[in-house]
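Q:
Numbering (my numbering), first residue to last: 1338 to 1639.
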């Protein structure tokens, strides 16, 4: 972490909310569904598809989970009405994972069922390590009944390769988004060395693709993008076996370059009233993005 990145992390808690919102505006699609839909339509004009996420995570009441379910049902209907090339990404803690696993499972099932009826897809996000086992259990139970659900695997987690292998053994072909991981975890749970994380990322991708699974290659690291190109070429994969994925507003030049190569690219589009909490967590837990954001805001060059 360079000096500017450290400075950004140290000062984030005292940055005025209006300034955080101004900085974060390019990374968040707004506070309403209608605003998010306009962003998705703009991305479509650029050649991108999207995945839509409602900002928010842990809840402590069942009514909050029901509210989240209703919002996502509305999103699925809106996607269908607007004929958008967009699926949804969900966080299970927002659907009651920390309250009761079976309650969360049924909430998630309602969304996957509705998505199935509409010809859409649900991506189950991976959260911190306290959620990993339960998240994979819910995915496995849903996968027995649905083929339109996928999960996320984090390359910095020591258990991830075994998790992928276990899922491949117990399920038919799986659909997995591979990312590095952003939550702060202890060393016995997560790799701390960047090169090891990158190597594990490539290993996970290789494991998935060479066994005929679908991969969402989620990264802004051009080295990993290049390594993915090589894996795709070596395996002689058709382009319906994978897609690249990036966050809204991050490294748009790399996004354009990837599209120029003719690859499918999906943009993660978050929106909602909890934009501030999302922004602070993103900036604090990923100093590189924090530095990138602040440098862009003040017009500084690397």
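Think of the CB as a built atom: it goes at the ideal place given N, C-alpha and C, for glycine as much as any other residue.
Between the alpha carbons of residue 1455 and residue 1388, how many angstroms are there, rounded?
A: Going from the Cα of residue 1455 to the Cα of residue 1388 covers about 15 Å.
Q: In the DSSP output, which residue or residues are listed as bridge partners for residue 1553?
A: The partner list for residue 1553 (beta bridge, DSSP) reads 1514 and 1580.
Q: Near residue 1355, which residues of its chain fall below 7 Å by C-beta distance, leaving aside the five closest residues on each side in sequence?
A: Taken in chain order, the list of residues that qualify is empty.
Q: Under 8 Å between the Cβ atoms of residue 1555 and residue 1579?
A: It is not a contact, given that the beta carbons lie outside the stated cut-off.
Q: Indicate whether residue 1322 and residue 1606 have their beta-carbon atoms separated by less than 8 Å.
A: Since the first residue of the chain shown is 1338 and the last is 1639, residue 1322 is not available in this structure.
Q: Within the same chain, show all residues whose beta-carbon is closer than 8 Å to that of residue 1478, passing over the 5 residues directly before and after it, in chain order.
A: Only 1442 meet the Cβ criterion.
Q: By alpha-carbon positions, which one of 1610, 1496, 1487 and 1428 ends up nearest to residue 1453?
A: Looking at the Cα atoms, 1487 is the closest of the given residues.
Q: For residue 1539, which residues does DSSP report across the bridge?
A: Residue 1539 is not bridged to any residue.
Q: Taking only the alpha-carbon atoms, compute the straight-line gap between residue 1375 and residue 1382 and give it to the nearest angstrom.
A: Taking the straight line from one Cα to the other gives about 11 Å.
Q: Can you tell me which of 1602, 1408 and 1497 puts its alpha carbon nearest to the alpha carbon of residue 1451?
A: If we check each option's Cα against that of residue 1451, 1408 comes out closest.
Q: By alpha-carbon positions, which one of 1395, 1358, 1609 and 1540 ends up nearest to residue 1463?
A: Per the Cα distances, 1395.
Q: In the stretch 1377–1432, which residue ranges form an unbroken alpha helix (DSSP H) of at least 4 residues, counting only runs that do not cross its ends?
A: Qualifying alpha helix (DSSP H) stretches, in chain order: 1399–1419.
Q: Per the DSSP calculation, residue 1459 is bridged to which residue(s)?
A: DSSP output for residue 1459 lists 1425 and 1486 as bridge partner(s).
Q: Say whether the stretch 1526–1539 touches the stretch 1491–1508, bearing in mind that this needs 3 or more beta-carbon pairs closer than 8 Å, one atom from each stretch.
A: As far as the Cβ criterion goes, the stretch 1526–1539 touches the stretch 1491–1508, which means the pair count is three or higher.
Q: Taking its Cβ as the centre, do 16 or more other Cβ atoms sit within 10 Å of residue 1563, making it buried, or is it exposed?
A: Per the 10 Å Cβ criterion, exposed.
Q: Which residue wins for smallest C-alpha separation from residue 1597, given the options 1391, 1384 and 1466?
A: Comparing Cα positions, the closest option is 1384.
Q: Decide if residue 1675 is buried, meaning its Cβ has at least 16 other Cβ atoms within 10 Å, or exposed.
A: The question about residue 1675 has no answer here: the residues shown for the chain are numbered 1338 through 1639.
Q: Verify whether the separation of the beta carbon atoms of residue 1543 and residue 1568 is less than 8 Å.
A: Their beta carbons are under 8 Å apart, which means residue 1543 touches residue 1568 by this criterion.
Q: What does the Cβ neighbour count give for residue 1521, buried or exposed, with the cut at 16 atoms within 10 Å?
A: Residue 1521 is exposed by the Cβ-count criterion.
Q: Applying the criterion that 16 or more other CB atoms from any shown protein chain within 10 Å of the CB defines a buried residue, is residue 1411 buried or exposed?
A: Exposed.
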